Amino acid sequence: MPESVPFDLVAKTWTRDLQPPTAIPPAADVVIIGGGIVGVSTAWFLAKQGIDVVVCEKGHVAGEQSGRNWGWVRQQGRDAREMPMIVESLRIWRDLGDEIGEDLGYRQHGILYLINDDKQLERYAAWAKFAENYETGTRLIDRNELPRFVRRAAVEWRGALHTPTDGRAEPHRAVPALARAVARRGGTVLTGCAVRGIETTAGHVSAVVSEHGTIRTSTVLCAAGAWTSMFCRSLGIRVPQLRVRGTVCRTAPAKVVCDGALSDRSLALRRRLDGGYTLAHGS
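In this note's numbering, the protein residues as written are 74 to 356.
Spelled out as structure tokens, the structure:
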């Protein structure tokens with residue numbers, strides 16, 4: 074069954090306990106273009122600070138890549154330049170559900186990178202040593218211990234790199250939940266509202282023009298994902314962006330293989346809350 078979260082499912086998730094607004098606000102402190110995880114989470118932190126924020130989403134909240142990704146929340150394997158940010162991100166994820174009063178599907182069950190050969194073993198051992206600087210709990214697991222973490226395996230791996238403090242979340246659940254939290258804090262999330270352009274006055278941003286009306290603002294964040302470079306080109310701004318097409322699928326509920334997520338060269342998977350798995354090509 075393809076990993077394709079239906080728009081009606083996302084819409085039902087969004088409308089549970091909270092109806093989307095129908096009126097276009099005349100003005101806002103900040104307008105965010107895009108209702109994916111970047112746009113909606115940014116709106117949440119702005120709304121928490123009492124900033125008047127509007128999110129304009131052309132379709133549904135989490136209706137594209139943000140609702141159909143792997144759902145991994147990881148430190149493991151990160152570049153050194155990313156680590157301070159991702160460590161803080163994990164800290165936020167651990168408390169975010171309680172903070173907004175909804176289950177985001179976040180579970181801290183760890184991530185495994187399975188080892189096939191000496192080259193991988195050497196690389197992962199080096200990363201485990203590096204991770205000691207961040208108290209992630211990362212360690213190498215040998216082949217004798219691996220069955221505790223991976224059940225019913227038909228492949229004999231050399232071992233694995235394991236970070237127990239990594240987690241997983243349910244993408245199509247987490248983003249709409251955050252959008253509802255934004256609205257409860259006084260922000261506005263507009264769905265079915267594509268942004269067509271930005272107006273300037275004396276060289277400064279003065280308004281966002283959407284297909285349903287104009288919103289006066291002095292600050293705009295473009296969080297349009299794969300559409301970002303196209304939108305910015307219309308403003309004469311070049312945003313270097315590489316598009317990658319990936320295939321992801323989902324299974325029906327199945328027997329437990331692992332509690333969290335794992336990857337080897339041919340396969341990556343994450344166990345979902347419904348008991349099924351989200352599968353993709355490994356790396």
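No residue lacks a Cβ here, since even glycine has one placed at the ideal position from N, Cα and C.
All values derive from a computational prediction rather than experimental measurement.
Taken atom to atom, the span from the alpha-carbon of residue 333 to that of residue 160 is near 18 angstroms. Residue 343 places its beta carbon less than 8 angstroms from that of residue 144. When the beta-carbon positions are compared, residue 166 and residue 255 stay at least 8 angstroms from each other.
As the crow flies, the alpha-carbon of residue 239 is around 42 angstroms from that of residue 272. Taking C-beta atoms as the reference points, residue 296 and residue 115 count as a pair closer than 8 angstroms. Taking C-beta atoms as the reference points, residue 264 and residue 140 fail to come closer than 8 angstroms.
For the options 306, 241, 348, the alpha carbon positioned closest to that of residue 325 is the one of 348. Taking one beta carbon from each stretch, the stretch 125–135 and the stretch 143–158 have fewer than 3 pairs nearer than 8 angstroms; the two do not touch.
In the structure shown, residue 312 falls within a coil segment according to DSSP collapsed to helix, strand and coil. About 6 angstroms separates the CB atoms of residue 177 and residue 250; that is less than 8 angstroms, so the two are in contact.
Taking residue 154 as reference, the option from 207, 335, 338, 224 with the minimal CA-CA separation is 207. Non-local beta-carbon contacts of residue 321 in its own chain, meaning distances under 8 angstroms to residues more than five positions away in sequence, involve 76, 141, 142, 143, 351, 352, 353 in chain order. Shortest Cα-Cα distance from residue 212 to any of 220, 171, 197 involves 197.
In the structure shown, residue 159 adopts helical secondary structure according to DSSP, grouped into three states. The beta carbon of residue 150 sits closer than 6 angstroms to no other beta carbon from its chain once the five residues preceding and following it are set aside.
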